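One structure is given below, encoded as C-alpha cells.
Residue numbers (this note's numbering), protein chains in the order written: chain A, 1 to 462; chain C, 463 to 943.
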C-alpha cells in the first residue's frame, strides 16, 4: 500500500507540522521502523528529546495514527515523518508481529471517529512538502551580542546558585525545626509540611529537590508503620547530605547537581566528553510511573545489560504533564534490543539515554548476578558510599526463592533475605526456583521487577 | 566510614529524641562536642541516613518458609510467543464459562497455561484434570500421587481429586462408591456435599434410593435436598400419587387436525394465576412416569401428545424428562421438538448430561443446519475445539454468517456511532465464542475471511481466532505462533 506525497500534505494539520516532520527524516533518529506481516499497518520508534522514544503507528487504510508524544496536533510530526519514510522507501520497513500497544490502540479506535486524517480541500490549502524541505538559513550573530549573551548567562547562573544556597539554608533550618518539634508530629502532618518547604525550594530554583521532598509522603507512608520513622530519618538525613554537598562548591558533582536542579538536556549529554558509552544487548526489566505533586508524571524504565559489562543497569527517565493523560511507553517489559547507551556522568553511572538501538532477533539470557554471594546488599552499600543521596537502587540478586513469613513475602537466598513489597507480590512465584532476580531496593523493601526461573522469564506488570 | 558497633548506640539514642522532639544532644557525645547544638543534630541525622543501609542487613524472620516447587506440568507449557495473547484473552474472560472454555481448548490442543500467567481457582471443578496437581499445590496439599480412595485416605485427598476418584469408583463399582459416600458424606461442607451427590448420577440405580431418601429427608442443605429429590424422581421414587393426580387435573385432552384427528394434552385454559403457578411447580417435580400414569397413558403416549403454548412450560417439562425419563423417551421428545421446528440449543443443553457426546454433536449439527444457533448454549453443549465437520457447518450457517457480516460492515465505519458500538459488541461476542468452539482449521478460515473483510490481523477482535489457529493439534507439536 503506497501513500503519495500529496496525500501526506493533505493529511498534515498545517505547514509547520510538515516542516517539523521533514526535520525528523534522519534514519538514526528512528531505531525502529516496521510493517505488519499482514500489511496495512506501519509503526516505528522516534527518538525525541526524552529518554523514552515516541512510539508511532499509522493505519495505512485511512492514515489514522497513534503517537505517544504529547502533541495535540493530529497527525503529529512523528506520524507524518513515518508516512514520509514509508512513501520514500518501503523496503526500509522490516516485517514483524504487531506489538501489543498497537493491538490495544486498534481495539479502542473506530475508523469513523478516531480522527483518521481526512483530507479536505480547505485543509490542503497552503501546505507544501517542497517548501517544508527548504533549509532555514540561520542569521549570524554579531560578536558583541554574543558576548552580552554569555555575560548574562554567567550572571544568571550565579544568581541561581545563590538562590539555591539560600533555599538550602532554609531547608536545613526546617529540618532542625522538625527534629526539635518531633518527627512523630511530622509523620502525622507529612503531606502539608513537605508541601510547604517544597514550595520554598521551587521558589529558590531547586525544583528537582522540591519534587523529591513532595514525594516523601507517598514513599514513606506506603511502607509498613514500623519502618516509617527510620525511613523519615533516612530521607531527612539525605537532604542534609545533599545540601552540604551543594554548598561546598569543591565537592559539588554533576550527579549531585542533577538531584537539585535536574538533568542536562539530551544534546548536552551526547556532547559530554566524560559521559560513558556502553554498547551491548539490553533487556527492558520494567517501567514505573509516579504521579508527582507538581503535575508531572515521572516514568522510569529500567534496563539490564545482557552483555556482561561493568554497568549492569541503566535508568531511562522521562517526565510528562499528567494533564495529557496516559502516554504510551516506548518499551515493553521483556523487550530486548542491541543499543549504544550513554550514561549521565556520575560516580555511579545509572541514569542514561539511548543513542542508537537495533532490534534483537534472538532471546539473550541474563548474565550472572554480580552481587556477592555472602552479602547481597554490598553493591547497595557501596553505591551509597559513592553517592549517598540515592534511595532506591536496582540489585541483581543471585539464585533464590520467594518465601513467606506469615503472609509477608520475602526473597530468600543462600546468604540473606529481603522483604518484598507486598502489593507487587505475585503468588505464582512461590512455586518457582529463581536463578536470578532484579529488585529495586529502597533500604526497607524490595520491589521485584523481573526474574529468570526454572519456568522461564517473569516480568512484574504493575 | 560509619561503623555499626560504635555509632549505632548513638543513633538509637538520637532516634528516640528526634521522634519525641524537644531534646538536645547529650554531653558525652564527643563527636559533636565542638559543634553548635543544631549543627550537631544535622550531622548526626546525616550519619543516621547512611549508617543503617550501609552497615546493617535485614534479618530473615525465623518462620520464613518456602513452598514446594510447582509440580511438573503434565502437558507442555504454552509457547512463549503465544503467552501475551493468552494473557489478553484470559483477562477478558469475564465469566467462569469463558475461562473454562479457553483453558479446555488449550488442554485439548495439548498445552497448559504458564503458571506465571494463570493459576486455577481454589475450586478447580470444570477445569481440565491436567491442572489438578497445580490446584493441589495452591491448596498446599502434598498428598502422594494416585492414592487409592478409601475411607482411610478420604481426608488425605484434595477435594477435587477425591471427587474424581469417587466418579471413577462409581463407574467401576457403584456399590463401593455409595458405601464410601454414605460413610463420609456428613463430614463435607454443604457446597462439597452438593458436588458429591452429583457423583450418584453415575450408574444411578434403585440401590441408591435409600441413601437419596436419607439425604432428601435430613440433609442440612436445601440444595442437596433438592438434588436428592431430583435423583429420586429419576428413579421414579418421589412425587406422591396425589401430586400426580393434581397435576393431571390441570391438563385437558383434546383433538387437533382436520383430516387426521389426533389427541393432544394441553394445560387447561381457564386456570387462574395461583393454579398456573401450582401446575408449573408440579410439572417440575412430578416424575414423567407418575404424570403419565395419572393421565392413564404411557410415558411415550404422554410425550407424543403433550403440547405447550408457552416456552417456559415446555422447558419445565423438558427438565423433568431430563431428570426422570429414560434415554429412549428423552430422544422421542427431542425428535418431536425437532419435527415441530421447536428444538433449540437451549433444549439440547438441558439434555446434555443424559445423552452421549456423539448424539449431542450430531443433534447440534442438525440444529445448525436447520438454522438454529445460540452461541453460549452451543459452547456449553458442544464445548471447545469442536470437530472440523461441525465447525465448518457452523461457518456456513446463515445464522452465524449474517450477523458477523453485518457487524463487520458496521465496525468498518459504515454505520453511525451508536450502531457501530453495538455491532462491535456483537462481533466481539461472536468471534470470542467461535474462537473457542471452532476447530483449528475452521478458525483459520474465519480469520482469513475477517482480514479479507477489512479487519487488521492485529485487531484485538481477532485475538480468539488467532489464538485458536496458532494452537497446534497434538501435544507433540506443542503450540507455535
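Cβ coordinates follow ideal geometry from the N, Cα and C atoms, glycine included. For clarity, every value in this text was computed on a predicted model and none was experimentally measured.
Every unbroken stretch of the alpha helix (DSSP H) spanning 4 or more residues and falling wholly within the segment 552-597 of chain C is given here in chain order: 558-570. Not flagged as an interface residue toward chain C: residue 364(A), since no C-beta distance is shorter than 8 Å. Annotation: residue 398(A) has no Cβ neighbours in chain C at a cutoff of 8 Å; minimum Cβ distance is about 15 Å. Residues of chain C whose Cβ lies closer than 8 Å to the Cβ of residue 224(A) do not exist, since the nearest Cβ in that chain is about 12 Å away. A Cβ of chain A is located within less than 8 Å of the beta carbon of residue 525(C). Residue pairing by DSSP places residue 341(A) opposite 278(A) and 354(A) in a beta bridge. For residue 892(C), the closest Cβ of chain A is not nearer than 8 Å. Here the segment 347-355 of chain A does not lie against the segment 66-77 of chain A, with fewer than 3 beta-carbon pairs under 8 Å apart.
Boundaries of the alpha helix (DSSP H) harbouring residue 791(C): 789-801, taken from the DSSP string. Taking 8 Å as the CB threshold, residue 581(C) lines the interface with chain A. Taking the Cα of residue 79(A) as reference, the smallest distance to any Cα among 96(A), 90(A), 106(A) and 54(A) is reached at 54(A). Excluding five sequence positions before and after residue 853(C), the CB atoms of its chain that fall closer than 6 Å to its own CB belong to 900, 901 and 904, given in chain order. Proximity of the segment 270-287 of chain A to the segment 298-315 of chain A meets the contact definition, three or more beta-carbon pairs being nearer than 8 Å. Taking 8 Å as the CB threshold, residue 599(C) lines the interface with chain A. No Cβ of chain C is located within less than 8 Å of the beta carbon of residue 274(A). Contact check between the segment 176-185 of chain A and the segment 255-274 of chain A: fewer than three CB pairs, one atom from each, fall below 8 Å, which does not count as touching.
Restricted to the segment 796-879 of chain C, the alpha helix (DSSP H) segments that are unbroken, complete and at least 4 residues in length are 807-813, 819-831, 837-844, 850-858 and 860-871, listed in chain order. Every beta strand (DSSP E) of 3 residues or more that sits fully in the segment 714-753 of chain C is shown, in chain order, as 724-729. The Cβ atoms of residue 59(A) and residue 40(A) sit closer than 8 Å to each other. For residue 921(C), the C-beta contacts it makes with chain A under 8 Å involve 103, 106 and 107, in order along the chain.
Within the DSSP bridge table, the entry for residue 67(A) names 56(A) as partners.
For a cut-off of 8 Å, the C-beta gap from residue 171(A) to residue 232(A) is around 15 Å, too long to register as a contact.
Scanning chain A for C-beta atoms nearer than 8 Å to the C-beta of residue 546(C) yields 100, reported in chain order. Residue pairing from DSSP places residue 96(A) in a beta bridge opposite 36(A). Annotation: residue 609(C) to residue 615(C) spans about 7 Å, alpha carbon to alpha carbon. Short of 8 Å from the beta carbon of residue 631(C), and not among the five residues preceding or following it, lie these beta carbons of its own chain, in chain order: 611, 638, 639 and 642. For residue 651(C), the closest alpha carbon among the candidates 594(C), 688(C), 503(C) and 682(C) is that of 682(C). The residue among 200(A), 388(A), 216(A) and 323(A) with its C-alpha nearest the C-alpha of residue 169(A) is 200(A).
Residue nearest to residue 667(C) within the set 695(C), 706(C) and 781(C) is 695(C) (criterion: CA-CA distance). Just measuring C-alpha positions, the residue of 19(A), 394(A) and 408(A) sitting nearest residue 438(A) is 394(A). Following the DSSP letters along the chain, one finds residue 160(A) in no beta strand (DSSP E) but inside the alpha helix (DSSP H) bounded by residues 143-181.
When the beta-carbon positions are compared, residue 687(C) and residue 656(C) stay at least 8 Å from each other. Below the 7 Å Cβ cutoff, chain A contributes 428, 455 and 458 as neighbours of residue 578(C), in chain order. The Cβ-Cβ distance between residue 21(A) and residue 66(A) does not fall below 8 Å. The beta carbon of residue 532(C) falls within 8 Å of a beta carbon belonging to chain A, placing the residue at that interface. The residue among 297(A), 379(A), 396(A) and 149(A) with its C-alpha nearest the C-alpha of residue 369(A) is 396(A).
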